[in-house]
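I have placed the structure first, in the form of structure tokens, so that the comments after it can refer back to it.
Dropping the structure here:
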């Protein structure tokens with residue numbers, strides 16, 4: 305939203321106005337669900353991943369407004385330049401998240417763009433990421449807004465607790 309320093313772009317656009325460009329780094333569970341939500345809202349979505357089998361799967365299940373592309377530093381840099389929203393959703397099991405977006409890349413992004421680092425609980429996947437809180441969720445780097453709230457599900461504690469319980473209880477019994 306513009307009052308918070310954003311670019312004032314509606315994800316799905318409106319008739320006669322182009323939709324927002326959303327770039328999602330990582331096509332795992334979080335990235336796939338983020339893509340489904342953004343696509344459902346009508347955004348122009350690009351998912352970047354390094355796993356060709358995962359890209360094939362996503363290409364099969366995603367709607368036409370979602371592109372899937374093999375990830376590498378050059379592609380990341382080029383895709384995020386025009387992005388209105390970048391979602392970092394990479395996960396390397398048992399390791400810190402790789403730093404996929406450098407400060408130099410962020411400097412080339414559109415001012416008012418938003419970056420959400422879902423990987424912040426594993427150290428973050430943007431070079432400039434630092435943990436924030438639900439009470440003070442954003443900071444700005446090179447005119448780009450970064451949201452790096454650790455434990456994002458904590459914003460909906462009741463729902464997230466019930467979901468986690470439902471997923472883990474069978475293993476405890």
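In my numbering, the protein residues as written are 305 to 477.
Glycine included, C-beta positions come from ideal geometry on N, C-alpha and C.
Alpha helix (DSSP H) segment containing residue i, residue limits
i: residue 400; result: Where residue 400 is concerned, there is no enclosing alpha helix (DSSP H), given that its DSSP letter is neither H nor E.
i: residue 329; result: Run containing residue 329: none in the alpha helix (DSSP H); it sits in the beta strand (DSSP E), 325 to 329.
Delimiting residues of the beta strand (DSSP E) encompassing residue i
i: residue 465; result: First-last for residue 465: 461 to 476, but that is the alpha helix (DSSP H), not the beta strand (DSSP E).
For residue j and residue i, the rounded distance between their alpha carbons
i: residue 335; j: residue 372; result: 11 Å
i: residue 384; j: residue 363; result: 20 Å
i: residue 315; j: residue 348; result: 8 Å
i: residue 447; j: residue 415; result: 5 Å
i: residue 320; j: residue 409; result: 30 Å
i: residue 443; j: residue 387; result: 18 Å
i: residue 317; j: residue 435; result: 31 Å
i: residue 429; j: residue 475; result: 31 Å
i: residue 390; j: residue 325; result: 9 Å
i: residue 460; j: residue 466; result: 10 Å
Residue i in three-state terms, based on DSSP
i: residue 318; result: strand
i: residue 486; result: Not covered by the structure: residue 486. The range shown for the chain is 305 to 477.
Cutoff 9 Å: residue i Cβ touching any chain C Cβ
i: residue 338; result: Note that chain C does not occur in the displayed structure, where there is just one protein chain.
Could I get the ranges of all uninterrupted beta strand (DSSP E) runs contained in the stretch 342 to 412, with 3 residues as the minimum, in chain order? 348 to 353, 370 to 374, 389 to 392
Between the stretch 416 to 424 and the stretch 444 to 461, are three or more C-beta pairs nearer than 8 Å? yes
Taking 8 Å as the threshold, find out whether the stretch 320 to 331 comes into contact with the stretch 346 to 358 through three or more Cβ pairs. yes
Let me know the beta strand (DSSP E) ranges lying completely inside the stretch 417 to 448, each 3 residues or longer, listed in chain order. 418 to 421, 442 to 445
Assess, as a yes-or-no matter, whether the stretch 396 to 412 is touched by the stretch 337 to 350 under the definition of 3 or more beta carbon pairs within less than 8 Å. no
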